[in-house]
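Asker:
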Amino acid sequence: MSTVLRLERITKSFGSVTANDHVTLELKEGEILALLGENGAGKTTLMNILFGHYAADEGTVKVFGKSLPSGRPRAAIRAGVGMVHQHFTLAGNLSVLDNVMLGSEPLFRVRSRRAEGRARLLALSERFGLSVDPDARVSGLSVGERQRVEILKALYRDARILILDEPTAVLARPEALRLFDTLQSMTRQGLSIIFISHKLNEVMAAANRIAVLRGGRKVAERTNAETSPEELAELMVGSRVTRPKREAHAIGAPRLVAEDVTVHLDSKPSLKGVSFTAHAGEILGIIGVSGNGQVALGSLLSGVAAPETGRLTLEGREIGGLGPRALVAEGVGRIPEDRHAEGIVGELPVWENGVLERLATPRFSSHGFVRRGAARSHAAGLIKRFDVRGATPEMRIRLLSGGNIQKLILGRVLAVAPKVIIANQPTRGLDEGAIAAVHAELLRAREAGAATILISEDLEEAVGLSDRLQAIVGGRLSQPVAAGEADSRRLGLMMAGVWEEPGNAD
Amino acid sequence: MIESLDLLFSASLWAAVLRIATPLIFGVLGALLCERAGVLNLGIEGIMTMGAMIGWLSVFLGADLWTGLLVAAAAGALIGLLHALLTVPLGLSQHVSGLGITLFAAALAYYLYRLIVTVGESPPTIEPFRPLDIPILSDVPFLGPVLFAQAAPTYLALISVAVIAYVLARTPLGLAIRMTGENPHTVESQGLDPTLIRIGCVMAGSALMALGGAFLTTAAFNSFFPEMVQGRGWICIALVVFSSWRPGKALLGALLFAFLDAYQLRLQAVVEGVPYQLFLMAPYLLSIVALILVARRARVPEALMTPYRRGER
Numbered sequence: 028m029s030t031v032l033r034l035e036r037i038t039k040s041f042g043s044v045t046a047n048d049h050v051t052l053e054l055k056e057g058e059i060l061a062l063l064g065e066n067g068a069g070k071t072t073l074m075n076i077l078f079g080h081y082a083a084d085e086g087t088v089k090v091f092g093k094s095l096p097s098g099r100p101r102a103a104i105r106a107g108v109g110m111v112h113q114h115f116t117l118a119g120n121l122s123v124l125d126n127v128m129l130g131s132e133p134l135f136r137v138r139s140r141r142a143e144g145r146a147r148l149l150a151l152s153e154r155f156g157l158s159v160d161p162d163a164r165v166s167g168l169s170v171g172e173r174q175r176v177e178i179l180k181a182l183y184r185d186a187r188i189l190i191l192d193e194p195t196a197v198l199a200r201p202e203a204l205r206l207f208d209t210l211q212s213m214t215r216q217g218l219s220i221i222f223i224s225h226k227l228n229e230v231m232a233a234a235n236r237i238a239v240l241r242g243g244r245k246v247a248e249r250t251n252a253e254t255s256p257e258e259l260a261e262l263m264v265g266s267r268v269t270r271p272k273r274e275a276h277a278i279g280a281p282r283l284v285a286e287d288v289t290v291h292l293d294s295k296p297s298l299k300g301v302s303f304t305a306h307a308g309e310i311l312g313i314i315g316v317s318g319n320g321q322v323a324l325g326s327l328l329s330g331v332a333a334p335e336t337g338r339l340t341l342e343g344r345e346i347g348g349l350g351p352r353a354l355v356a357e358g359v360g361r362i363p364e365d366r367h368a369e370g371i372v373g374e375l376p377v378w379e380n381g382v383l384e385r386l387a388t389p390r391f392s393s394h395g396f397v398r399r400g401a402a403r404s405h406a407a408g409l410i411k412r413f414d415v416r417g418a419t420p421e422m423r424i425r426l427l428s429g430g431n432i433q434k435l436i437l438g439r440v441l442a443v444a445p446k447v448i449i450a451n452q453p454t455r456g457l458d459e460g461a462i463a464a465v466h467a468e469l470l471r472a473r474e475a476g477a478a479t480i481l482i483s484e485d486l487e488e489a490v491g492l493s494d495r496l497q498a499i500v501g502g503r504l505s506q507p508v509a510a511g512e513a514d515s516r517r518l519g520l521m522m523a524g525v526w527e528e529p530g531n532a533d
Numbered sequence: 601m602i603e604s605l606d607l608l609f610s611a612s613l614w615a616a617v618l619r620i621a622t623p624l625i626f627g628v629l630g631a632l633l634c635e636r637a638g639v640l641n642l643g644i645e646g647i648m649t650m651g652a653m654i655g656w657l658s659v660f661l662g663a664d665l666w667t668g669l670l671v672a673a674a675a676g677a678l679i680g681l682l683h684a685l686l687t688v689p690l691g692l693s694q695h696v697s698g699l700g701i702t703l704f705a706a707a708l709a710y711y712l713y714r715l716i717v718t719v720g721e722s723p724p725t726i727e728p729f730r731p732l733d734i735p736i737l738s739d740v741p742f743l744g745p746v747l748f749a750q751a752a753p754t755y756l757a758l759i760s761v762a763v764i765a766y767v768l769a770r771t772p773l774g775l776a777i778r779m780t781g782e783n784p785h786t787v788e789s790q791g792l793d794p795t796l797i798r799i800g801c802v803m804a805g806s807a808l809m810a811l812g813g814a815f816l817t818t819a820a821f822n823s824f825f826p827e828m829v830q831g832r833g834w835i836c837i838a839l840v841v842f843s844s845w846r847p848g849k850a851l852l853g854a855l856l857f858a859f860l861d862a863y864q865l866r867l868q869a870v871v872e873g874v875p876y877q878l879f880l881m882a883p884y885l886l887s888i889v890a891l892i893l894v895a896r897r898a899r900v901p902e903a904l905m906t907p908y909r910r911g912e913r
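Residue numbers (our numbering), protein chains in the order written: chain B, 28 to 533; chain E, 601 to 913.
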């Protein structure tokens, strides 16, 4: 097999951060190479350099033996490189054909050859088994279909080397399997493929060769046959940060109770008669594949959505539909799912974000004026106590990393010793160090007697932290199971919607 | 009452509609082109004023009428370049830059005018475009005066509609422009430069706006005065929304507004006992109503007013 692509000692820094540090990588014809690494390991940067989105500080890119000028996507496309971005670069208002044909013709041609373009697109979609409707508007397509359009776009430009950035991040499992079948068939037709991933099992299943990046460096390269998921995990993380363990302790009285609650979001029933009880000093884990009602549950518990029917009580008092501010006053602490959109205001300084939820309390305002001194020292306290790295009270919070933003949100919640904590995907997108810190804080709050509802897609996290688990499937909640009795088979069944209904429970 | 209906069948009304519509057609096309590439150009009012002034000035200083239009368009493109540089590579607020451009260009136009014409002097006139006189066609009853006896730039405006519509819908360049307004990152990842495309569109759009202004001084009237654009630019900005960013509908919108304007002018003379200010208001009120009815379904270019910065999402 001949080498089709060679990255030679690529180095790229953003400010003081070195994203790629002398990375050398080779791709052979007809091969699938996986680029494995944690968030922030430099995978995407490396591929963006290859494709010409960024210019490398040092190093060369050679495609089919010829070097590419740096920082020019056009040159990369001409040389036969196609890239499928993680966040698709499609225009929703335009048709599939428009999206595919863009840039494929000389700009100043008097008439676009759409008929030929359509025929060519259909031929390609036939040949690679990627069915699309050329005239469909992209905004109406599913994520899987959009990905197909992105791949076809690259093929339409005669890509011989295809780069896919986290192609399965947005796909459901069957779609992901189908994608890998497609990729296999492409390599049989002579294409060479690099895909980026941080999922061990799919890397093991789909790649011929695996390159592991960590902290911007290539730390290892293995063929599929000579490695194992365990070895890859260790290579990827380096010395593994250990997540804290939950220790047995006495559970208190019922605190947050939902009885047969139904919630409508966008006038669609999103929670259908759910019941749960969270006790003081307990973490109740809600597991399940995303899109099964987690958003509605989060909205209900944070006061954004009101129950249509049923009761939601905190220590016996009805709190359903009270609204966010009243809920905070009642002692509900909220860690929202989308920390950037709902948790913080990025352009405001850290100290303002630190008191956002409780601006109206006497501690932080008097006679309609913000008590800036109190708020600033509060923020300084949070930064210190929760180890928010790189933060000062005055800096815009947007400039912090995701993990440190999350620590600040967590601190904001925990500083007032809440009765109930709603933690919605609290560690999504964080690296191991930050995850361990968040877990430790949640467990400390549990020790202190808070009732925590942990909504998480990360099964390992949910099982590790929770005292009891319930699965959410299609807007319904399963019966709870104690964490000790939850083996992976049982949890798998629960998440697939197989459980005993209350009427015939054993 | 009968008289007001009779007005609808007079050739002079419909001839006036096309004449009044012409600067609006240029203006709305220009604004549409900018916005299709993702840049709101609120400089339009000032650019039209500048176009009006420069067009008039060139002819006043001895150029022929068509050269006057050309110079006006070039001046518009130049001011457009300023707006483009501020909003595209520098990524400043398009609203703020646009309003600044309007104030700047209008003031500059007046300043230049005052360098030539001193205060107190009555505005000097030029020999403007005359209505065409095409043998036979211009003499056809009704249709003749309406369609075949307009000033030449009116036909240029109508041709521009067709050209812009064709370019946007049928050429690779048009696709790239539309895509730049929808998602500039896509354009970049296909090896094209969205920054250049935006700058080019804002310049071309501004040139069209300036032509609209120049029409006022070289065809509709024969002299320049500083307030003569009279909010036509703002009307064009609204018409772009009304048109759902489509050139054909933009033409329709411009004609509709021009009709309301021409009709109210004639109604003032016929209907008695109604303050004329109410008639003056009518086209604007009806425009707002039309906008409410139509604009809810309008499909805004997704990246309109979003600055494009390379390597950022």
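For glycine and all other residues, C-beta sits at the position ideal for the given N, C-alpha and C.
(1) Check each candidate in B/253, B/259, B/255 and B/252 and name the one with the smallest Cα separation from residue 246 of chain B.
(2) Can you find the residues in the same chain that come closer than 8 Å, C-beta to C-beta, to residue 28 of chain B, ignoring five residues on each side of it along the sequence?
(3) Measure the beta-carbon distance from residue 548 of chain B to residue 389 of chain B and round it to whole angstroms, keeping in mind my assumption that it falls under 8 Å.
(4) Determine whether the Cβ of residue 663 of chain E lies closer than 8 Å to any Cβ atom of chain B.
(5) Mind pulling the chain C residues with CB within less than 8 Å of residue 789 of chain E?
(6) What three-state label does DSSP hand residue 620 of chain E in the structure shown?
(7) Mind listing the chain E neighbours of residue 84 of chain B? Cutoff is C-beta to C-beta under 7 Å, in chain order.
(8) Leaving out five residues before and five after residue 882 of chain E in sequence, what residues of the same chain have Cβ atoms less than 6 Å from its Cβ?
(9) Looking only at its chain, what residues have a beta carbon closer than 8 Å to the beta carbon of residue 463 of chain B, apart from the 5 residues adjacent to it on each side?
(10) What span of residues does the alpha helix (DSSP H) with residue 245 of chain B cover, start to end?
(11) Does the region 86-99 of chain B touch the region 129-149 of chain B, meaning 3 or more C-beta pairs lie closer than 8 Å?
(12) From the beta carbon of residue 803 of chain E, is the nearest beta carbon of chain B less than 8 Å away?
(13) Mind reading off the beta-carbon distance from residue 32 of chain B to residue 237 of chain B? Whole number of angstroms is fine, and I expect it under 8 Å.
(14) Pairs of beta-carbons, one from the region 790-798 of chain E and one from the region 653-662 of chain E, closer than 8 Å: are there three or more?
(15) Please go through the same chain and pick out, in chain order, the residues whose beta-carbon is closer than 6 Å to the beta-carbon of residue 738 of chain E, but skip the five residues on each side of it.
(16) Run through DSSP, which three-state label would residue 202 of chain B get?
(17) Count the other CB atoms within 10 Å of the CB of residue 434 of chain B; is the residue buried (16 or more) or exposed (fewer)?
(18) Would you decide whether residue 295 of chain B is buried or exposed? Buried here means 16 or more other CB atoms lie within 10 Å of its CB.
(19) Which residue's Cα is closest to the Cα of residue 850 of chain E: E/650, E/878, E/895 and E/746?
(20) Which of the three DSSP states is assigned to residue 124 of chain B in this structure?
(21) Do the region 515-524 of chain B and the region 795-812 of chain E touch if we need at least three Cβ pairs shorter than 8 Å?
(22) For residue 128 of chain B, go through chain E and note every residue whose CB falls closer than 8 Å to its CB, in chain order.
(23) Determine, using beta carbons only, whether residue 136 of chain B comes closer than 8 Å to chain E.
(24) Would you please state the rounded distance, in angstroms, between the beta carbons of residue 761 of chain E and residue 901 of chain E? I believe it to be under 8 Å.
(25) Within the continuous beta strand (DSSP E) that includes residue 108 of chain B, where are the two ends?
(26) How about residue 763 of chain E and residue 618 of chain E: do their beta carbons lie closer than 8 Å?
(27) Quick check on the DSSP output: what are the complete alpha helix (DSSP H) runs of length 4 or more inside the region 263-335 of chain B, in order along the chain?
(28) Hey, residue 771 of chain E and residue 101 of chain B are a contact pair by Cβ (cut 8 Å); roughly how many whole angstroms apart?
(29) Residue 104 of chain B touches chain E at which residues, Cβ-Cβ below 9 Å?
(30) Measuring straight from C-alpha to C-alpha, what distance separates residue 63 of chain B and residue 239 of chain B?
(31) Just confirm the distance between the C-beta atoms of residue 376 of chain B and residue 424 of chain B, as a whole number of angstroms; I'd bet it's less than 8 Å.
(32) With DSSP collapsed to three states, give me the class of residue 19 of chain B.
(33) Within the chosen definition, does the region 329-347 of chain B reach the region 601-616 of chain E through at least 3 CB pairs nearer than 8 Å?
(34) Considering only residues of the same chain and omitting the five flanking positions on each side of residue 60 of chain B, which have a CB-CB separation below 6 Å?
(35) Do residue 483 of chain B and residue 489 of chain B count as a contact pair if the criterion is CB distance below 8 Å?
(36) Based on DSSP bridge pairs, tell me the residues matched to residue 660 of chain E.
Answerer: Taking the geometry as given:
(1) B/259
(2) 55, 56, 57 and 58
(3) Residue coverage of chain B in this structure runs from 28 to 533, which leaves residue 548 of chain B outside it and unanswerable.
(4) no
(5) Of the protein chains in the structure, B and E, none is chain C.
(6) helix
(7) Ordered by position in chain E, no residue passes the 7 Å Cβ test against residue 84 of chain B, which lies about 14 Å from the chain.
(8) 864
(9) 268, 269, 270 and 271
(10) It is not in any alpha helix (DSSP H) - residue 245 of chain B instead sits in the beta strand (DSSP E) that spans 244-250.
(11) no
(12) no
(13) So it is not a contact: roughly 16 Å between Cβ atoms.
(14) Taking a cut-off of 8 Å on C-beta distances, the region 790-798 of chain E does not touch the region 653-662 of chain E, as fewer than three cross pairs fall below it.
(15) 744, 748 and 749
(16) helix
(17) buried
(18) Label assigned to residue 295 of chain B: exposed.
(19) E/895
(20) In the structure shown, residue 124 of chain B sits in a helix (DSSP, three-state: H, G or I).
(21) With the cut-off at 8 Å, the region 515-524 of chain B and the region 795-812 of chain E do not touch.
(22) 772 and 775
(23) Yes, because at least one Cβ of chain E sits closer than 8 Å to the Cβ of residue 136 of chain B.
(24) With a Cβ gap of about 19 Å, residue 761 of chain E and residue 901 of chain E do not count as contacting.
(25) 108-111
(26) no
(27) Whole alpha helix (DSSP H) segments, 4+ residues: 321-328.
(28) Rounded to whole angstroms, the Cβ separation of residue 771 of chain E and residue 101 of chain B is 19 Å, and the two are not in contact under 8 Å.
(29) 789, 790 and 791
(30) Residue 63 of chain B and residue 239 of chain B: Cα-Cα distance of roughly 5 Å.
(31) 7 Å
(32) There is no way to answer for residue 19 of chain B, as the model of chain B reaches only from 28 to 533.
(33) no
(34) 54, 221 and 236
(35) Between residue 489 of chain B and residue 483 of chain B, the C-beta spacing is below 8 Å.
(36) None, per the DSSP bridge assignment.
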